[in-house]
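Protein chains in written order, with the numbering used here: chain A, 1 to 240; chain B, 1 to 240.
Protein chains: 2
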Amino acid sequence: MLEITSKNNTKIKDAASLKLKKYRQEKGLFLMEGLKNLEMALRFGNVKTIFTSVGLPKIGKQDIEVYQVNEEIIRKLASSENPEGVVFICEFLKPKKDKKDYHKIIYLDHVSDPGNLGTIIRTAVAFNYDAVILSEGSVEIYNEKVLAASKGAIFAIDIFNDDIANYDYPIIVSTLNDKSVPLNNAKKPDNFILVLGNESHGVSKEICEKATDFVKIEMSDNIDSLNVAIAAGILMNFYK
Amino acid sequence: MLEITSKNNTKIKDAASLKLKKYRQEKGLFLMEGLKNLEMALRFGNVKTIFTSVGLPKIGKQDIEVYQVNEEIIRKLASSENPEGVVFICEFLKPKKDKKDYHKIIYLDHVSDPGNLGTIIRTAVAFNYDAVILSEGSVEIYNEKVLAASKGAIFAIDIFNDDIANYDYPIIVSTLNDKSVPLNNAKKPDNFILVLGNESHGVSKEICEKATDFVKIEMSDNIDSLNVAIAAGILMNFYK
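Take a look at the structure:
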């Protein structure tokens, strides 16, 4: 294993640049940390480089660069306050399934909070969804807070940006309108796209016009709405 | 309305000290921001002081100090990156109901993430729970991230720290063990305490020994667990 001792080393500077969306998009690479995430990435993703200040699981792949570094470098590259001693670079994720094999899709229309997106990805994996698809204008998949909240789940599901018009499925929209059916009375199609909207503005008019079903989670008048990740969790547990 | 122009004014320094848990606990006061939160606080809480750089809703109460301040002071007192121009001081919350009138309680055993706690409080209000009770060692209720995630819901429900031994209700524990019943087959008692545990360690052995029911949310093997706020949301939607 090669050793890097200076945080001004080009490899380290290049890796650190991936903390910015601009460079991630330019290079098609993202930065992640933690041993559990690394295990998921090695199983399902395409890891290019690993920086470690601790021991590593056995890596069977030949084309991964591994560097021994010190804790100062780990802290420079990591996002968490107490990093575990492993930071790695991955290629952007590619869908693993053919689109025609999708049965259950969750579509996020301008969801903007990274913690919400990460939690929704984790929940979608728990309930065997095939894909998480994001509208343009949603939070970036490789935002460090998305990655932290997803707990490695991003590697276990197809996730990408696309226009809902490219999918010919029944569209179930979660919203409060006159047509919304309480969730417990809703029917469950075999294949569908479940749509959740922006934290403040809900699902856009364009998508509502294409919807085949509107559902609502019944709740108290004392509060305007549920957090979007909570609503997604309740809906995916029903439509699973 | 009195005006304060210096961020070194004693009133401002005293208010800013409430950003630290130590001073909150010492004074029994906490700091919050935002117009919507202020409206909730004026309806259900006990507001002591308001600092504003913008207009205010009409305040009917005589004993609230209101100060006109500049945006620099608002930024010093607020926690969010783009504060709305209103920060206020509240007294610690007091339960509004008598304990014997509680029907549905959610009990959080060492839940440590403030975003999770805030989201669970918001969900508990949505599903008409009577109280959110926290074990000792849980995250502090008045942590700024709890308040932000709760979206004002902390004023609409009883929330405090207490030992579960003080409550004589059926105890439903969410956990994965041999006795756990899948949620859809679970029975719904009229009165109960629903228990969720720490993000990493789950529900403690002591509470599991007192449990009357164990339930689980069925999910894929591809993931260890759901986020605790998501699990709480799915469970509270069932036990509502």
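Ideal Cβ positions, reconstructed from N, Cα and C, are used throughout, including at glycine.
In this text the structure is predicted, and so the values were computed from the model without any measurement.
Taking a Cβ-Cβ threshold of 8 angstroms, the residues of chain A close to B:THR123 are LEU226, ASN227 and ILE230, in chain order. Within the DSSP secondary-structure output, A:TYR107 pairs in a beta bridge with A:ILE133 and A:VAL195. The distance from the Cβ of A:ILE154 to that of B:THR123 is about 25 angstroms, inconsistent with a contact at the 8 angstroms cut-off. The Cβ-Cβ distance between B:SER112 and B:VAL139 falls below 8 angstroms. About 7 angstroms separates the Cβ atoms of A:LEU183 and A:LYS216, confirming a contact at the 8 angstroms cut-off. The Cβ of A:SER220 sits closer than 8 angstroms to at least one Cβ of chain B. Taking B:LYS61 as the centre and dropping the five residues before and after it, the same chain places the C-beta of LEU42 and VAL47 closer than 8 angstroms to its C-beta, in chain order.
Sequence-distant Cβ neighbours of A:LEU35 in its own chain, meaning closer than 6 angstroms and more than five residues away, are GLU84 and VAL86. If you ignore the 5 residues before and after B:ASP101, its C-beta comes within less than 8 angstroms of the C-beta of ASP130, all in its own chain and listed in chain order. In this structure, B:THR119 sits near A:ASN227, with a CB-CB distance shorter than 8 angstroms. Cβ-Cβ distances below 6 angstroms link A:TYR107 to ILE133, ILE164, ILE193 and VAL195 in the same chain, with the five nearest sequence neighbours on each side left out; the list follows chain order. Nearest CB-CB separation between A:PHE127 and chain B: below the 8 angstroms threshold.
According to the DSSP secondary-structure assignment, B:SER174 is paired through a beta bridge with B:VAL215. DSSP, reduced to helix, strand and coil, places B:PRO114 within a helical segment of the structure shown. In this structure, the alpha-carbon of B:GLU144 lies about 23 angstroms from that of A:ASN198. GLY115, THR119, ARG122 and THR123: these are the residues of the region 90-124 of chain B whose beta carbon lies less than 8 angstroms from some beta carbon of chain A, given in chain order. Taking C-alpha positions only, B:LYS58 is separated from B:GLU39 by approximately 10 angstroms. Looking at the DSSP output, B:LEU147 shares a beta bridge with no other residue.
Chain B has a Cβ within less than 8 angstroms of the Cβ of A:ILE223.
Residue-level contact by beta carbon holds for B:ALA156 and chain A, with a gap shorter than 8 angstroms.
Rounded to the nearest whole angstrom, the C-alpha separation of B:SER204 and B:ASN237 is 24 angstroms. The C-alpha of A:LEU93 lies about 39 angstroms from the C-alpha of B:ALA186. For B:ILE159, the closest Cβ of chain A is not nearer than 8 angstroms. Closest option to A:GLU81, judged by alpha-carbon separation, among A:GLU71, A:ILE89 and A:CYS90: A:GLU71. Our two residues, A:ASP109 and A:ILE4, have alpha carbons roughly 43 angstroms apart in a direct line.
Apart from the 5 residues on each side of it in sequence, B:GLU65 sits with its Cβ closer than 6 angstroms to the Cβ of THR49 in its chain, given in chain order. A distance below 6 angstroms between beta-carbons, with the five flanking residues on each side excluded, links A:TYR169 to the following residues of its chain, in chain order: ASN191, PHE192 and ILE193.
Annotation for A:GLY202: THR175 place their beta carbon closer than 7 angstroms to its own, counting only its chain and skipping 5 residues before and after. DSSP places B:MET32 within a strand segment (E or B) once states are collapsed to three.
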